[in-house]
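There are 2 protein chains.
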Amino acid sequence: MRPAAAPPSVVIVGAGFGGLWAARALSRLPVRVLLIDRRNYHTFLPLLYQVAAAEIEPEEIVCPVRSILRRSPRAEFLLAEVGHVDLGLRTVNAAGREIAYDYLVLSCGSITEYFGVPGAAEHAFPLKTLEDGITLRNHILHCFERAAREADSERRKALMTFVVIGGGATGVEFAGALAELVRRPLREDYRALDFREVRVLLLEAADSLLRGMPERLSAYARARLVSMGVDVRCSSPVHKVDRCSVHFGDGSSIATETTVWTAGVRGDASSVSSALRTSSGGRVQVLPTLQLEQHPEVYVIGDLAVPAKEGRPLPMVAPVAIQQGEAAGRNIARQISGAPVVPFKFRDHGMMVTLGRNAAVFSAGGVELRGFIAWVGWLAVHIVKLIGFRNRLFVMVNWAWDYLFFERTVRLILPGPVTPAHPEGEERARRQ
Amino acid sequence: MRPAAAPPSVVIVGAGFGGLWAARALSRLPVRVLLIDRRNYHTFLPLLYQVAAAEIEPEEIVCPVRSILRRSPRAEFLLAEVGHVDLGLRTVNAAGREIAYDYLVLSCGSITEYFGVPGAAEHAFPLKTLEDGITLRNHILHCFERAAREADSERRKALMTFVVIGGGATGVEFAGALAELVRRPLREDYRALDFREVRVLLLEAADSLLRGMPERLSAYARARLVSMGVDVRCSSPVHKVDRCSVHFGDGSSIATETTVWTAGVRGDASSVSSALRTSSGGRVQVLPTLQLEQHPEVYVIGDLAVPAKEGRPLPMVAPVAIQQGEAAGRNIARQISGAPVVPFKFRDHGMMVTLGRNAAVFSAGGVELRGFIAWVGWLAVHIVKLIGFRNRLFVMVNWAWDYLFFERTVRLILPGPVTPAHPEGEERARRQ
């Protein structure tokens, strides 16, 4: 036991929305906060699809964690992969040593869930990390470069066919952005290509897009995507993915060099501790206060947390993580001061999904907006929420440019996570 | 032979300064131009050192080749590695096929030259490509992250020791930028580190920095770097580089995790054709008209070219490549119209080297400038020359921000060419 005089130490695993907001909530308290992440930057994941669609640059959606923590003088940052959490000893293994904690916040987020679809993990592009976004962008641009010199018409068509699996917010937003990338900026770059051969497909297993949205908005989103040239297919579960095609249950298939998987995410607690009780989606079961039942000093928040008893799981989105991070921080403050902890209650400010350059759907407690007015709202909310003023400035300049000139200059095949040695070799650039 | 009616075809290998300006010079002529590069973007190499010093973002110094070529409707772009040039058959092997040419412009640039110093190629970081810049930036930031958790004081000092080998323009500019990165933005990020342990060394084998510059400016540059905290050592040839130190002839050494090699570049013609006659620096010998002696239809320009007979080699810098690109384009036009080709003559507009945030040295035909006024000139020239208006805008915003707030927000360890799976593993991120 540490001497009573030492301030309690709080270890936060993960610098996503949940972890950062927990650190902020603790920043004025007499506690030592250690925030651990395997990356030195926070990623604003709601805009990741725009990186993949060559709409904004990767740097515009990230911010160094140390910059964010400057306002919190008692908070420290450790760049490390967290190996194992020992709930009994109250230690976290990271950077080759055991780090003791008095309070622990687990906010490790989620990973892509392939639901066991054969070939999906090997051949589909995920869209969950900054690396994923850069890899996918590089691949899409490479496809057009290869198509430009491909004489065989079948192979050229497969290179220009893009299949997005999953009709949730990410799939809808990415399909819209990709359709717009293709419709104008790429058309000017590749004047020799016949763009009538380009296809963007959005496949959804359920019978409508954007589950959770009111039916009218879901139908509007679908009509809007179709008008942008996206081939939207609901009730189309994918049975198999291989290197150059997507297969359906009726034996039919689509030849494509690019399958993007946005159909699901799951919690990822196993790497941290096998002692955590998880639900089917890999999410850790927590009390309404966000604590572990056997360990009131451990909080689990964001995509990783799910209510242990009654109450349905909250969506795995940024607003939930942010509010849970704040709630966990406040409950830790209450524990330290001897006050009783309180249950978490989510305040739903609505869901917004953008559809291409200047339309969106927005739904919150009976309010429904769609079209341009919803898009303006979406833009304002996302730009305000982007951490870091300079990022906001750059994103605004980029957006204004895009809007005024309908030109994307971000079409760079940059050194990605793995740079193919040769243009033909970009298969190797795929993760896994 | 092609029918006389078909327009002549010009193949340009390399989309650096030389290749691009050659393509531009040919854009209004009735010729088909094919520009081949292994990357889909042009890199503004004079600012690469700022990427490595986390001063600007990689995207700010690059521009898609297809964007640049939009104004030249007869020019096409091919993203491919050029395998072999057959001067007899007049074909270029690229993307798996033989491409015939009537005129060829070779502008493949240069690669890092290690002069046979043992270990340099394996253990020193080069600074020659965008990948090099990103890799080096990620490594430097990782060094501070590792130092922040390193208990052993010797290892911590080695992590915070940065050795730059080569006192030419790149070495001087990078050492200055690195000293400034360390002096203020990193100091605020790593408050627990003792920054008196940080060392930036600049090693030069000759007895002064910036050979080619007037002595007074060279001395000023040295004094300025010293005042910024750089340990400048002239007459210090390096005898060996290994994983964690730099060795001198007298048996002494410096423990460091970061050795940056900017001491030399060489032409790289061997990959393209073994039939080319090269000088000791790997540069191809050309006539005063920039043509090959035996092949008047082949032009070699930029870093790759060297005069075959009298006349001393021109410096391997952007202005030479730009002027030679234009000259080659004009000579090809003369050949097509039956006019005699003319020798190339370099118009020297001076040499400018920046020294940190707000000083520079500038020399041109007897004019010598130094300090802030030279820096303003440097800034104006480089921003105007950056291709693409949006790039200019971003660089200006970044610069203004930097200047007003002395803050660099670009301190992101981004997914690099090879992302280390674990922070400790960044050795693997080194190229080679």
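Protein chains in written order, with this note's numbering: chain A, 3 to 434; chain B, 3 to 434. We treat Cβ as the ideally placed atom computed from N, Cα and C, and that holds for glycine.
Element boundaries [beta strand (DSSP E), containing residue i]
| i | result |
| --- | --- |
| B:ARG373 | Arg is not the amino acid found at residue 373 of chain B; the sequence shown has Gly there. B:GLY373 -> beta strand (DSSP E) spans 369 to 373. |
| B:HIS241 | 240 to 244 |
| B:ARG105 | Position check: residue 105 of chain B holds Tyr in this sequence, whereas Arg was assumed. Here the beta strand (DSSP E) through B:TYR105 covers 105 to 108. |
| A:VAL234 | 232 to 235 |
| B:ILE113 | 112 to 114 |
| A:LEU36 | 34 to 39 |
| A:PHE364 | 362 to 366 |
| B:ALA310 | No beta strand (DSSP E) holds B:ALA310; DSSP gives it neither H nor E. |
| B:SER11 | 11 to 15 |
| A:VAL355 | 353 to 356 |
Residues that residue i bridges to, as DSSP identifies them
| i | result |
| --- | --- |
| A:GLN325 | Partner(s): none; A:GLN325 has no beta bridge. |
| A:PHE164 | A:VAL202 and A:THR260 |
| B:PHE250 | B:VAL240 |
| B:ALA96 | B:VAL84 and B:ARG99 |
| B:PHE293 | Residue 293 of chain B is actually Gln in this sequence, not Phe. The partner list for B:GLN293 (beta bridge, DSSP) reads B:TYR301. |
| A:PRO128 | A:TRP263 |
| B:SER255 | B:HIS249 |
| A:PRO66 | A:TYR43 |
| B:ARG193 | For B:ARG193, which the question treats as bridged, DSSP gives no partner whatsoever. |
| B:GLY269 | B:SER112 |
Proximal residues of chain A, C-beta to C-beta of residue i below 8 Å
| i | result |
| --- | --- |
| B:ASP350 | Within chain A, no residue comes near B:ASP350; the closest Cβ sits about 33 Å away, beyond 8 Å. |
| B:ARG34 | Here the premise fails: no neighbours, minimum Cβ distance about 12 Å. |
| B:GLU59 | GLU59 and GLU61 |
| B:GLU100 | By Cβ distance, chain A contributes nothing, its closest Cβ being about 13 Å from B:GLU100, past 8 Å. |
Residues near residue i by beta carbon distance below 8 Å, same chain, minus five either side
| i | result |
| --- | --- |
| A:THR93 | VAL87, GLU100, ILE101, ALA102 and TYR103 |
| A:GLN434 | Note on A:GLN434: pLDDT 32, under 50, position unreliable in the model; the coordinate value appears next. Contacts found: ALA123 and GLU124. |
| A:PRO425 | Any reading at A:PRO425 must be qualified, since the residue scores a pLDDT of 32, below 50, and its modelled position is unreliable; the value itself is stated next. Counting only Cβ-Cβ distances below 8 Å, and skipping sequence neighbours, we find HIS144, GLU147 and ARG148. |
| A:VAL343 | THR291, GLN293, PRO298, ASN333, ARG336 and GLN337 |
| A:GLY352 | PHE364, SER365, ALA366, GLY367 and VAL369 |
Neighbour list for residue i in chain A, Cβ cutoff strictly below 7 Å
| i | result |
| --- | --- |
| B:ARG151 | LEU80 and ALA97 |
| B:GLU190 | ARG72 |
| B:ARG76 | Result: empty, since nearest Cβ-Cβ is about 11 Å, beyond 7 Å. |
| B:ARG158 | Those do not exist, as B:ARG158 stays about 14 Å from chain A at its closest Cβ, beyond 7 Å. |
| B:ARG68 | ASP191 |
| B:GLU182 | Within chain A, no residue comes near B:GLU182; the closest Cβ sits about 17 Å away, beyond 7 Å. |
| B:GLU147 | ASN42 and LEU81 |
For residue i, the first and last residue of its enclosing alpha helix (DSSP H)
| i | result |
| --- | --- |
| A:THR172 | 171 to 183 |
| B:GLU156 | 155 to 161 |
| B:HIS125 | 122 to 125 |
| B:PHE79 | B:PHE79 -> not in any alpha helix (DSSP H); beta strand (DSSP E) instead, spanning 77 to 81. |
| B:HIS297 | Neither: B:HIS297 is in no alpha helix (DSSP H) and is coded neither H nor E. |
| A:ILE136 | 132 to 150 |
| B:VAL286 | From DSSP, B:VAL286 is part of no alpha helix (DSSP H) but of the beta strand (DSSP E) over 286 to 288. |
Cutoff 7 Å; reference residue i; Cβ partners in own chain excluding five residues on either side
| i | result |
| --- | --- |
| B:VAL67 | ALA17, LEU37, ASP39, ASN42, TYR43, HIS44 and PHE79 |
| A:ARG4 | Model confidence at A:ARG4 stands at a pLDDT of 49, short of 50, so the residue's coordinates are unreliable; what they give is reported in the following sentence. Around A:ARG4: no qualifying Cβ. |
| B:TYR116 | ALA122, ALA123 and TRP263 |
| A:GLU295 | LEU289 and ALA310 |
| B:SER281 | GLN287 and VAL308 |
| B:PRO216 | SER365 and GLU370 |
| B:ALA160 | CYS246, ALA257, THR258 and GLU259 |
| B:GLU152 | ARG158 and LEU161 |
Beta-carbon spacing of residue i, residue j below 8 Å
| i | j | result |
| --- | --- | --- |
| B:ALA323 | B:ASP305 | yes |
| A:VAL35 | A:VAL12 | yes |
| B:ALA97 | B:ALA82 | yes |
| A:GLU182 | A:GLY358 | yes |
| A:SER29 | A:SER74 | yes |
| A:LEU89 | A:SER275 | yes |
| A:VAL228 | A:VAL234 | yes |
| A:PHE374 | A:ALA361 | yes |
Neighbourhood of residue i by C-beta distance below 6 Å, restricted to the same chain and skipping five residues each side
| i | result |
| --- | --- |
| A:TYR105 | VAL12, GLU299 and ILE334 |
| A:PRO9 | PRO32, VAL33 and ARG34 |
| B:VAL184 | VAL200 |
| B:LEU138 | ALA54 and PHE127 |
Contacts of residue i in chain A (Cβ-Cβ under 9 Å)
| i | result |
| --- | --- |
| B:ASN333 | Ordered by position in chain A, no residue passes the 9 Å Cβ test against B:ASN333, which lies about 28 Å from the chain. |
Within chain B, partners of residue i - CB distance below 8 Å
| i | result |
| --- | --- |
| A:ARG186 | Simply none; closest approach about 13 Å. |
Proximal chain B residues relative to residue i, where beta-carbon distance stays under 7 Å
| i | result |
| --- | --- |
| A:LEU143 | ASN42 |
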